[in-house]
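What follows is a set of notes on a single structure, which appears directly below.
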Amino acid sequence: MTLAYIVLATFVGGLLSVLIAASLTVAVLSRLVQHLVSLSAGVLLGTALLHVLPEAFESHVDPHRLFLTLLGGLMFFFLLEKAELYRHTHHHEGDGHHHHHHFDAEQAGRGGWSVLVGDSIHNFCDGIIIAAAFLTDPALGLVTSLAIVAHEIPQEVGDYIVLLNAGFSRRKALLYNALSGLAAVAGGVLGYFVVGPWEDLFPYLLVVASSSFVYVAVADLLPQLQRRLPWRDTLYQLVWLAGGLSVVMFALRALHSH
Numbered sequence: 081m082t083l084a085y086i087v088l089a090t091f092v093g094g095l096l097s098v099l100i101a102a103s104l105t106v107a108v109l110s111r112l113v114q115h116l117v118s119l120s121a122g123v124l125l126g127t128a129l130l131h132v133l134p135e136a137f138e139s140h141v142d143p144h145r146l147f148l149t150l151l152g153g154l155m156f157f158f159l160l161e162k163a164e165l166y167r168h169t170h171h172h173e174g175d176g177h178h179h180h181h182h183f184d185a186e187q188a189g190r191g192g193w194s195v196l197v198g199d200s201i202h203n204f205c206d207g208i209i210i211a212a213a214f215l216t217d218p219a220l221g222l223v224t225s226l227a228i229v230a231h232e233i234p235q236e237v238g239d240y241i242v243l244l245n246a247g248f249s250r251r252k253a254l255l256y257n258a259l260s261g262l263a264a265v266a267g268g269v270l271g272y273f274v275v276g277p278w279e280d281l282f283p284y285l286l287v288v289a290s291s292s293f294v295y296v297a298v299a300d301l302l303p304q305l306q307r308r309l310p311w312r313d314t315l316y317q318l319v320w321l322a323g324g325l326s327v328v329m330f331a332l333r334a335l336h337s338h
């Protein structure tokens, strides 16, 4: 049953954002993404700090080792993001670099494929994290899946918009995004068979998952919310952030009551 839960969670997480993108126009998606960013920041921080990290530290592993793992995870995701940033160089026609006509369109197309490859790797790793969480405790697996889905929806919707701008048709953008999302299922199945026998690693994997959640929230999502906005938009951000935290707290209470 655990494997079935893992496959179901990774499958739903990988395809939910694609279904949302398929059902909405680009204009609506562009407006919706900002609210989803606030919501997912709250869910990620709440999941990491209120559930996953406490679960890892309740094990018999030396806390110093877990904190070292947390630090290493944060540095790893920092370096991973730096590598991704260095791979993307932006040029524009008419910028003095004497690019040929339609150079931007060609670069955008390459950027679209880069987004798909990077997203597939990211989804694969998410699947392994979900597998480790379910193998530790089914309730932890559900909350971890919730956090990953909350983060994946705005990310995948944003990627969908990028693919459209890169020249992909709506149908191809949705298809390739769906295939990229299925990489999470592959990661979950592999994680079940490979990670399963190594139970001693579970606390460390949970800390790595938490470092991913915290880094994405603090380094990626929250900075997007730090623009100067009218007080009403700022209030909306706080409401959606609080909503994300409330979802996690409600889920924890519901799971612990069973």
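Take 81 as the starting number for the sequence shown in the working numbering and just add one per residue.
Each residue gets a CB set at the ideal place from its N, CA and C atoms; glycine is no exception.
It should be emphasised that the depicted structure is a prediction, and the values quoted were computed from it without experimental measurement.
- Excluding five sequence positions before and after Ile100, the CB atoms of its chain that fall closer than 7 angstroms to its own CB belong to Ile233, Val237, given in chain order.
- Restricting attention to Tyr284, His115, Ala289, Asp313, the CA atom closest to the CA of Arg145 is found in Tyr284.
- Inclusion of Ile208 and Leu270 in the CB contact set at 9 angstroms is warranted, their separation being smaller than that value.
- Each of Ala297, Phe273, Asp313, Gln317 was checked against the Cα of Ala84, and the nearest Cα belongs to Phe273.
- In this model, Ser260 and Tyr240 are separated by some 11 angstroms (Cα to Cα).
- Considered as a whole, the segment 253-320 harbours 263-275, 282-295 as its complete alpha helix (DSSP H) runs of no fewer than 4 residues, in chain order.
- Trp278 counts as exposed, since fewer than 16 other C-beta atoms from the protein chains shown sit within 10 angstroms of its C-beta.
- C-alpha of Leu96 to C-alpha of Met81: approximately 22 angstroms in a straight line.
- Going by C-alpha positions, Ser326 is about 11 angstroms away from Ser120.
- Between the C-alpha atoms of Ala331 and Val223 there is a straight-line separation of about 7 angstroms.
- Contact check for Ala227 and Val294: beta-carbon distance about 11 angstroms, past the 8 angstroms limit, so the pair fails to qualify.
- Rounded to whole angstroms, the gap between the alpha carbons of Asp313 and Val141 is 44 angstroms.
- The segment 196-205 and the segment 262-269 touch, with no fewer than 3 CB-CB distances between them shorter than 8 angstroms.
- Nearest C-alpha to Ile86 among Ala213, Leu315, Phe156, Tyr316: Ala213.
- Inclusion of Asp300 and Asn257 in the CB contact set at 9 angstroms is not warranted, their separation being larger than that value.
- In this structure, DSSP gives His140 a state outside helix and strand, which the three-state scheme calls coil.
- When DSSP states are grouped into helix, strand and coil, Phe147 belongs to the helix group.
- Here DSSP, grouped into helix, strand and coil, assigns Phe330 to helix.
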